[in-house]
Amino acid sequence: MTDIRSNSPNPSPVGSSSVRPVLWVVLLVSGVANIVTVPMDINVVVDTVLGLITLSSGAALIVDHYKRRRR
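Numbering (numbering that gives the first Met the number 0), first residue to last: 0 to 70.
The following block contains the structure:
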């Protein structure tokens, strides 16, 4: 008996379909929050944390893109 799932061109782990939209929301929210808080001179730590969250979610989206890319 053949396994139909093995013929799919781009198999993805279970639950990975919900990761991408969450990463996009995190990227947008943290990016906008970072843009808003920088000119307000709230705190350097808050700006740094928001920047790191934005950077890491963007990097995670890039990694996800290259994992799903067809060869």
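Glycine residues also receive a C-beta, built at the ideal position from the N, C-alpha and C atoms.
DSSP state of R69 mapped onto helix, strand, coil = Here residue 69 is taken as the residue at index 70 of the sequence shown, counted from 1. It is coil, neither helix nor strand.
request  = May I have the straight-line CA-CA distance separating T47 from Y65, to the nearest angstrom?
outcome  = As a working note, residue 47 is residue 48 in the sequence shown. As a working note, residue 65 is residue 66 in the sequence shown. A direct Cα-Cα distance of roughly 27 Å separates T47 from Y65.
query = If you follow the alpha helix (DSSP H) that S29 is part of, which residue opens it and which one closes it?
reply = Within the sequence shown, residue 29 is the residue found at index 30, counting from 1. That run of the alpha helix (DSSP H) goes 18-39.
query = Using the beta-carbon count (16 or more within 10 Å), is N33 buried or exposed?
reply = Position 34 of the sequence shown, counted from the first residue, corresponds to residue 33. Classification of N33: buried, given that the 10 Å Cβ count is 16 or more.
request  = Please report how far the alpha carbon of V25 lies from the alpha carbon of V45, in whole angstroms.
outcome  = Sequence index remark: in the sequence shown, residue 25 carries index 26 (1-based). Sequence index remark: in the sequence shown, residue 45 carries index 46 (1-based). Using only the alpha carbons, I get a separation of about 16 Å.
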